[in-house]
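Chains as they are written, first to last, in our numbering: chain A, 1 to 387; chain B, 388 to 631. Heads up: the structure comes next, in structure tokens.
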Amino acid sequence: MAIPLKYNVRSLLVRRVSTGMTAGGIALVVAVFVVTMAMVAGLGTMISDTGESDNMIVLRKGATTETYSAINLDQFEAMKFLPQIRRDPAGNPMISPELPVQVLMRRTHGSSDNIVVRGVLPIALEVHSKVHIIAGRMFRPALGEVTVGKGLVGRYADAKVGSTMHFGRGAWKVVGIFSAGGSSFESEVWADIHNVQDDAQRGAYYAAVRLKMAPGADTDALINRIADDPRINLQAETEPEYYKEQAVVARQMNWLGMIVAIVMGIGAVFAAMNTMYAAVSARTSEIGTLRALGFSPGSVLLCFLIESVILATAAGAIGILLAMPINGFSTTFGNFVTFSTMAFNFRVTFAIMLEALVFSALMGVFGGWLPARQAMRMRVVEALRRS
Amino acid sequence: MDVKFAIDLEHVVRIYRRDEFEVRALDDVTIQVPEGRFVAIMGPSGSGKTTMLNLIAGIDHATSGRVSVGGEEITGMKERDLAAWRARHIGLIFQFYNLIPVLTAFENVELPLLLTPLDKAERREHVETALRIVGLADRMDHYPRQLSGGQEQRVAIARALVTDPTIVVADEPTGDLDAKSAEEILNLLTDLNRQFNRTIVMVTHDPRAERFVDTVYRLDKGILVGIEDGKGGPARAESAQAQA
């Protein structure tokens, strides 16, 4: 049987100051880790939730985002009646031409951000089934009205029903607020596509077309048809695939977060190592006694390793608690793929908490390994002599 | 009549290396201690007493010679095997008690039992019995800092006895105690020897100890210079060889 855990726990509690200092350092590292991962998770969810599995996005061939795409009216008309496109109860094909443009919008407190104004037709509400009007109403075409995503409310001075927004060449009346299931649409302003075309002087071009596939439709056949039909000659992909590629920002943030966490973690490992070396040094005679009583060198190694892991994991739990208030906190982020500002919520998920605990336990293992090995290698006689 | 030896040291040499110097802590020592004896190893500081005790307890290795304890030769045992052997056969008592400060008296005494196959209830029974024998049944939940020196040493004795070891080895068990407590500890060890027929080997400077033991082995500069009867009983070593 191993040396009892209560020995480790009480030994840690006896050395309150050094244990507390080390635990504090590890807790801060874990808190930073959790906050970073929560930001990455929030970003990733915001981007990936934008897509719907039965929706397809159509862009110009070679375009990686809507920003670099253009679709003319003929191409749109040729697509409109493809059999794989679902129809609404009135028999209209659920296909939404869209034109997102960037505008500068004044924040509530001073500075301005790039915001996406998406020109759409009313059918967009049927194609994007996660989008729901939560206040006011949907804009009416050709009246210079807009509906704003709820992520903009409170951040931008005029993002409220009844206000007038000033962007582009005109003034736009805000008539409604919509939600979109936490997706990036919530960081957009939606307006009539023809008003947006006029205002942006884009002519009769769209940037993208979104369509909802009929139940059981052959996705590959539709993609091939859109690509191969000489009247259309565009590229199509499902929205989840498209947004997976757009999530590059989240992936890069993830790597950045991991690098920061690892660098800070190395610092914390040295702190844990220092504490455990001090523990081994202070308890040399106890080690000698345990060994003399018959506990094997391996038991002693395990004992100090476990102690280090207990210290680090407990500190990790504190770090998670420190970071918890960030859960659900809403902020904005400049997306350099779409060159627009997006609102998202930090998300502290169960998986992140588990990763944080594993991360802290690893800090304990690395910090405790060398001191534990030193304890294991002590000669019993030498250790007892220091009594 | 066949005499069983609890301890059998044959031409044992222990050399320590300190930088470029060699120190012969024990020099060709041969002794045989029959089972059930209470013996003392005495001698001036640096005479090799503790080295001899460490070799008997299996916490140090002889440079040459043969060490058998309880009929088992331990000279060539690997460290891991030796640890397991100590847990089964040796009860250790130290000068400074060496109790684990963060564990209660009960938990300290229970420690060596964690290396046995006993279940929790059996361990509790053994610990309570051991603490009752040393007169500390009412101090089970006390931490070492809440006990006097004499009481701490009693807990250490209970810890040494609790596994029912072949041999109890005690390194200066009275060295850190006042006269009254030292007397009580020596009486307790004598009782344990008499009542349970336990072989006890004690290293001591304390001349009072001679009154309690059967045999005194005298060492000087690593050499066994004499075997004497203690006043506790006649020397019954079957053979002993002092190296002049």
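Glycine residues also receive a C-beta, built at the ideal position from the N, C-alpha and C atoms. If you're wondering where the values come from, they're calculated on a predicted model, not measured in any experiment.
- Contact with chain B is found for residue 296 of chain A, since one of that chain's Cβ atoms lies less than 8 Å from the residue's Cβ.
- Under DSSP, residue 98 of chain A forms a beta bridge with A:208.
- Close to chain B, meaning a Cβ-Cβ distance shorter than 8 Å, are the following residues of the region 264-296 of chain A: 285, 286, 288, 289, 290, 291, 292, 293, 294, 295, 296.
- Among the residues of chain B, those whose CB is under 8 Å from the CB of residue 14 of chain A are 488, 489, following chain order.
- Only buried fits residue 7 of chain A, as 16 or more other CB atoms lie within 10 angstroms of its CB.
- Residues of the same chain with their beta carbon placed closer than 7 Å to that of residue 62 of chain A are lacking, with the five preceding and five following residues left out of the count.
- Proximity of residue 381 of chain A to chain B, defined by a Cβ-Cβ separation below 8 Å, is satisfied.
- Look at residue 613 of chain B here: in three-state DSSP terms it is strand.
- Taking 8 Å as the cut-off, the Cβ atoms of residue 96 of chain A and residue 120 of chain A count as close.
- With its beta carbon less than 8 Å from one in chain B, residue 10 of chain A belongs to the interface.
- Ranked by Cα distance from residue 56 of chain A, the options A:372, A:154, A:223 are led by A:223.
- Our two residues, residue 103 of chain A and residue 129 of chain A, have alpha carbons roughly 25 Å apart in a direct line.
- For residue 168 of chain A, the CB contacts under 7 Å within the same chain, skipping 5 residues up- and downstream, are 103, 199, 200 in chain order.
- Shown here for residue 183 of chain A: same chain residues with a beta carbon closer than 7 Å to its own, the five before and five after excluded, namely 46, 49, 50, 130 in chain order.
- DSSP, reduced to helix, strand and coil, places residue 345 of chain A within a strand of the structure shown.
- Under DSSP, the beta-bridge partners assigned to residue 604 of chain B are B:428, B:614.
- Within the model, the alpha-carbon separation for residue 616 of chain B versus residue 598 of chain B is close to 10 Å.
- Under the three-state reduction of DSSP, residue 557 of chain B is assigned to strand.
- Residue environment analysis places residue 573 of chain B among the buried positions, since at least 16 neighbouring C-beta atoms fall within 10 angstroms of its C-beta.
- If you look at residue 487 of chain B, you'll find it isn't in any beta strand (DSSP E); DSSP assigns it neither H nor E.
- Checking the DSSP bridge columns, you'll see residue 93 of chain A partnered with A:87.
- By the criterion of a C-beta distance shorter than 8 Å, residue 290 of chain A is surrounded in its chain by 3, 299, 300, 303, once the five residues flanking it on both sides are discounted.
- Non-local C-beta neighbours of residue 374 of chain A in its own chain, meaning closer than 6 Å and more than five positions away in sequence, comprise 280, ordered along the chain.
- Residues of the region 459-473 of chain B that bring their beta carbon within less than 7 Å of a beta carbon in chain A comprise 466, 467, 470, 471, 473, in sequence order.
- Here residue 478 of chain B carries a strand assignment [DSSP, helix/strand/coil].
- One alpha carbon belongs to residue 484 of chain B, the other to residue 521 of chain B, and they sit about 14 Å apart.
- Shortest Cα-Cα distance from residue 352 of chain A to any of A:26, A:33, A:72 involves A:33.
- From the beta-carbon of residue 4 of chain A, the residues of chain B found nearer than 9 Å are 490, 494, 497, 498, 501.
- A distance of 8 Å or more separates the beta carbons of residue 491 of chain B and residue 448 of chain B.
- At a cut-off of 8 Å, the C-beta of residue 479 of chain B has a neighbouring C-beta in chain A.
- For the C-beta of residue 506 of chain B, not a single chain A residue is nearer than 8 Å; the gap to the nearest is close to 11 Å.
- Taking C-beta atoms as the reference points, residue 58 of chain A and residue 226 of chain A count as a pair closer than 8 Å.
- Per the Cβ contact rule, the region 485-504 of chain B is not in contact with the region 579-595 of chain B (fewer than 3 Cβ pairs under 8 Å).
- Assignment of residue 56 of chain A by DSSP, reduced to helix, strand and coil, places it in the strand class.
- When secondary structure is reduced to three states using DSSP, residue 194 of chain A falls in the helix class.
- Chain A places a beta carbon closer than 8 Å to that of residue 447 of chain B, counting this residue as a contact.
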